[in-house]
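Just add 219 to the spot in the sequence shown (first one is 1) and you have my numbering. Each residue gets a CB set at the ideal place from its N, CA and C atoms; glycine is no exception. Please read these numbers as outputs of a predicted model, since none were measured by experiment.
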Amino acid sequence: MKKYILALGVCCMAGAMPLFAQESNSELTEAQRELQGYMDEGLVKFKSDNDKFSFRVGGRVAIDGAHYIDDYTDRGSGAKFSAARIRIISKIGSKVDMKLDVDFASKNWLKDAYLRWHTNKNGFLRVGNFAEPFSAENIQSTMDYPFINKSATVAALGTGRAIGVSYRYYHKYFWAEGGVFSQKFSNPTEVVKGGDMGYALSARLLGRVSGDDWAFHAGGSVNYGRPDANGFTNGSDDYNRTVTLSSNLESCVDNTKFLNATINNVKTGLKFGAEVMASYKKVYVKGEWLHADYVRERDWDYNFTSSLGTLLSTMFPTLSAYQGLMGVDQDAKFYGYTVEAGFMILGKNYRYNSVDALMNRPKGKSLEVVARFNHTDLNDIMAGHMFYGGKFYSSTLHQSFGVADQSVIGGKADTFTFGVNYYVTDNIVARLNYSYQKLNQEYTKEFMLDKNLHSIQARVAFEF
């Protein structure tokens, strides 16, 4: 793994050299001032005499514990390290900086690895591995997010990190970031299945206003793409692309996927969402809604040819008749939404981060209470069809031939989460969460008897 880290570091430094040669002294942008403050607080840091080059070595550790009160399926209570990160952040000249962040507590150990070029006072270009601009909750750091776990909706429908390039523009009244992305490069040792990699076009757009002790923004996100191929099937990589949407219901230790939907034959996917965020002094509220639509396309020529010579082909001897039996390809659609709020019992007012369009982490000696409701629906069931043996059929004829429809059974859940956070210092936080999940898996044999789930979870996290 060390050779991958070294190679990434060398590439980042080498890629910055052409930009470094063109740099000129200028006033720091807001994003650069934010970075400079972080660099100055570092315990292990270096700065050149002319202030053209500097770097900081830092890290993050998070320790989680959980006790589960189960309904039918047994979950494993316990504790674990959820983060053990080492990061290097470097300033190269007056316009370029870089970040390399790896996590030794996760099999997906590569987090952020990117170069950032500040093109003007309100924008920067970024290239490397980082979070796709989609949804406020999706892109917010787990260190800053006021709950121990992201919601089930973001776990299932979020985008995560990928290799790509994006441009961000942050203005007093407008915020936008858009980019193009390819491989999910979280674990370079993972076996590549072959075939063309997928791609995604992702963007987040907001309008906003703010004052000394308040802020408000509203907008949305969109993500359009094509998933990775699963190698080659029948000589083609066009029809075997699969998307899996899942959630462990906001669990920090046990990873049982109570919500799990698999969509086969995916051609393209479109995700979009809306978000609203507001803060006033010691109160903040946020709401998000996400929707996903997957276009499916089967390999009709191959499937029909494979049916020739069977009983099915005697009744449906032509391609059009075969397609009529199987039914046209249907889009698979899923959605979820979240409403959350926080109140600062001790400490200063909430502060809005205009560079990231998120709420800042509270300062040290702050005591905060938070609450969140989430609804996630990973079922896409074709109306009027019959259910038998774990699948849906459009008629008894289809059931007799074993021809199921394209319904997806992933389950749905409502989750209520209440939390207390104490920020010991600016860089040390203790969190305590209670969650209740009302699960509906009426069509899934594995979790059919699970209805009401409870958990008490705690986290201590610090960074340096």
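Requested in this report: Just tell me which of 484, 623 and 674 has its CA closest to the CA of residue 297.
Outcome: Residue 297 sits at position 78 when you count from the first residue of the sequence shown. Nearest C-alpha to residue 297: 674.
Query - Bridge-paired residues (DSSP) for residue 495 - result: Walking along the sequence shown from the start, residue 495 turns up at place 276. Paired residue(s): 437 and 506.
Query raised in the report: For residue 536, does the count of other Cβ atoms within 10 angstroms reach 16, so buried, or fall short, so exposed?
Result: As a working mapping, residue 536 is identified with position 317 in the sequence shown. The residue is exposed, with fewer than 16 neighbouring Cβ atoms inside 10 Å.
Query raised in the report: From residue 426 to residue 574, what does the alpha carbon distance come to, in whole angstroms?
Result: As a first step, residue 426 is located in the sequence shown; it is residue number 207 there, counting from the start. As a first step, residue 574 is located in the sequence shown; it is residue number 355 there, counting from the start. Looking at the two C-alpha atoms, the distance is approximately 13 Å.
Query raised in the report: What are the residues that DSSP puts in a beta bridge with residue 587?
Result: Taking the sequence shown and counting its residues from 1, one reaches residue 587 at position 368. DSSP lists 563 and 640 as partners of residue 587.
Requested in this report: Note down the Cα distance separating residue 416 from residue 308, rounded to an integer number of angstroms.
Outcome: To locate residue 416, count along the sequence shown from 1; it is residue 197. To locate residue 308, count along the sequence shown from 1; it is residue 89. The alpha-carbon atoms of residue 416 and residue 308 are separated by roughly 29 Å.
Query raised in the report: Out of 319, 254 and 310, which has the shortest C-alpha to C-alpha gap to residue 328?
Result: Within the sequence shown, the letter at position 109 stands for residue 328. Comparing Cα positions, the closest option is 319.
Query raised in the report: Ends of the alpha helix (DSSP H) at residue 686?
Result: Outside the displayed span of the chain (220 to 683) sits residue 686, for which this structure offers no information.
Report task. Could you tell me whether the region 660-678 touches the region 392-400, using the rule of 3 or more Cβ pairs below 8 Å? Result -> no
Requested in this report: Let me know the alpha helix (DSSP H) ranges lying completely inside the region 242-304, each 4 residues or longer, listed in chain order.
Outcome: 249-259
Query raised in the report: Could you check where the beta strand (DSSP E) with residue 337 kicks off and where it finishes?
Result: Within the sequence shown, numbered from 1, the residue matching residue 337 stands at position 118. Counting along the chain, the beta strand (DSSP E) containing residue 337 begins and ends at 329-339.
Report task. Taking residue 395 as part of the alpha helix (DSSP H), name the residues at either end of that continuous run. Result -> Against the sequence shown, residue 395 aligns to sequence position 176. Note, residue 395: premise wrong, no alpha helix (DSSP H); beta strand (DSSP E) at 393-400.
Report task. Flag this pair as touching only if the region 429-439 and the region 494-512 have three or more C-beta atom pairs under 8 Å; answer yes or no. Result -> yes
Query - Delimiting residues of the beta strand (DSSP E) encompassing residue 671 - result: For the purposes of this step, residue 671 is identified with residue 452 of the sequence shown, where counting begins at 1. 671-682 is the extent of the beta strand (DSSP E) around residue 671.
Query raised in the report: Are the Cβ atoms of residue 282 and residue 300 separated by less than 8 Å?
Result: In the sequence shown, counting from the first residue as 1, residue 282 sits at position 63. In the sequence shown, counting from the first residue as 1, residue 300 sits at position 81. Yes, they are a contact pair.
Query raised in the report: Considering only C-alpha positions, which residue in the set 464, 637, 445 and 588 is nearest to residue 456?
Result: For the purposes of this step, residue 456 is taken as the residue at position 237 of the sequence shown. Per the Cα distances, 445.
Query raised in the report: Taking just the CA atoms, how far does residue 316 sit from residue 248?
Result: For the purposes of this step, residue 248 is taken as residue 29 along the sequence shown, with counting starting at 1. For the purposes of this step, residue 316 is taken as residue 97 along the sequence shown, with counting starting at 1. About 12 Å.
Report task. Under 6 Å Cβ to Cβ from residue 605, same chain only, skipping five residues before and after it: list those, please. Result -> Position 386 of the sequence shown, counted from the start, is the residue given in the question as residue 605. Answer for residue 605: 612, listed in chain order.
Requested in this report: Measure how close the beta-carbons of residue 480 and residue 443 come, nearest whole angstrom, since I'm counting them as under 8 Å.
Outcome: As a position in the sequence shown, residue 480 is number 261, starting the count at 1. As a position in the sequence shown, residue 443 is number 224, starting the count at 1. About 19 Å separates the two Cβ atoms, so there is no contact after all.
Requested in this report: Tell me where the alpha helix (DSSP H) around residue 543 begins and ends.
Outcome: The count along the sequence shown starts at 1 and reaches residue 543 at position 324. Looking at the DSSP string, the run of the alpha helix (DSSP H) that includes residue 543 is 538-545.
Report task. Identify, in the order they occur along the chain, each residue of the same chain with its Cβ nearer than 6 Å to the Cβ of residue 447, setting aside the five sequence neighbours on each side. Result -> Translated into positions along the sequence shown, residue 447 becomes position 228. Within the same chain, residue 447 has close Cβ partners 416 and 417.
Query raised in the report: Excluding the five sequence neighbours on either side, which residues of its own chain have a C-beta within less than 7 Å of the C-beta of residue 453, listed in chain order?
Result: Against the sequence shown, residue 453 aligns to sequence position 234. Closer than 7 Å at Cβ, skipping near neighbours: 518 and 521.
Report task. Using only alpha-carbon positions, find the residue among 431, 641, 459 and 354 that is nearest to residue 563. Result -> Here residue 563 refers to the residue found at position 344 of the sequence shown. It is 641 whose Cα lies nearest to the Cα of residue 563.
Query raised in the report: Who are residue 465's beta bridge partners in DSSP?
Result: As a first step, residue 465 is located in the sequence shown; it is residue number 246 there, counting from the start. The partner list for residue 465 (beta bridge, DSSP) reads 479.
Query raised in the report: Which one of 471, 272 and 450 has the shortest CA to CA distance from residue 324?
Result: Taking the sequence shown and counting its residues from 1, the one referred to as residue 324 is at position 105. The shortest Cα separation from residue 324 among 471, 272 and 450 belongs to 471.
Requested in this report: Using beta-carbon positions only, say whether residue 507 and residue 636 come within less than 8 Å of one another.
Outcome: For this step, residue 507 is matched to residue 288 along the sequence shown. For this step, residue 636 is matched to residue 417 along the sequence shown. Against a cut-off of 8 Å, the Cβ pair of residue 636 and residue 507 comes out as no contact.
Query raised in the report: For the candidate residues 362, 386 and 353, whose alpha-carbon lies nearest to that of residue 379?
Result: Taking the first residue of the sequence shown as position 1, residue 379 is located at position 160. Cα-wise, what sits closest to residue 379 is 353.
Query - Between the CA atoms of residue 330 and residue 280 - distance to the nearest angstrom - result: As a first step, residue 280 must be located in the sequence shown, where it is residue number 61. As a first step, residue 330 must be located in the sequence shown, where it is residue number 111. Going by the C-alpha atoms only, they are around 14 Å apart.
Query raised in the report: Do residue 595 and residue 555 come within 8 Å of each other at the CB atom, strictly closer than that value?
Result: Numbered from its first residue, the sequence shown carries residue 555 at position 336. Numbered from its first residue, the sequence shown carries residue 595 at position 376. Yes; because the gap between Cβ atoms is below 8 Å, this pair is in contact.
Requested in this report: Drop a sphere of 10 angstroms on the beta-carbon of residue 678, count the other beta-carbons inside from all chains shown, and report buried for 16 or more, exposed for fewer.
Outcome: Here residue 678 is taken as the residue at index 459 of the sequence shown, counted from 1. With 16 or more Cβ atoms within 10 Å of its Cβ, residue 678 is classed as buried.
Query raised in the report: Relative to the C-alpha of residue 608, which residue among 599, 623, 602 and 597 is closest?
Result: Looking up residue 608 in the sequence shown gives position 389. Considering only alpha carbons, the answer is 623.
Requested in this report: Return helix, strand or coil for residue 551, following the three-state DSSP convention.
Outcome: As a first step, residue 551 must be located in the sequence shown, where it is residue number 332. Here residue 551 sits in strand by DSSP.
**Report entry** C-beta atoms of residue 593 and residue 372 nearer than 8 Å
**Finding:** As a working mapping, residue 593 is identified with position 374 in the sequence shown. As a working mapping, residue 372 is identified with position 153 in the sequence shown. Yes, the Cβ-Cβ distance between residue 593 and residue 372 is below 8 Å.
Query - For residue 521, the three-state DSSP class (helix, strand or coil) - result: Walking along the sequence shown from the start, residue 521 turns up at place 302. Helix.
Report task. Would you please state the rounded distance, in angstroms, between the beta carbons of residue 363 and residue 580? I believe it to be under 8 Å. Result -> For this step, residue 363 is matched to residue 144 along the sequence shown. For this step, residue 580 is matched to residue 361 along the sequence shown. Right, their Cβ atoms sit about 4 Å apart.
Report task. Decide if residue 403 is buried, meaning its Cβ has at least 16 other Cβ atoms within 10 Å, or exposed. Result -> Position 184 of the sequence shown, counting from 1, holds the residue named residue 403. Residue 403 comes out buried.
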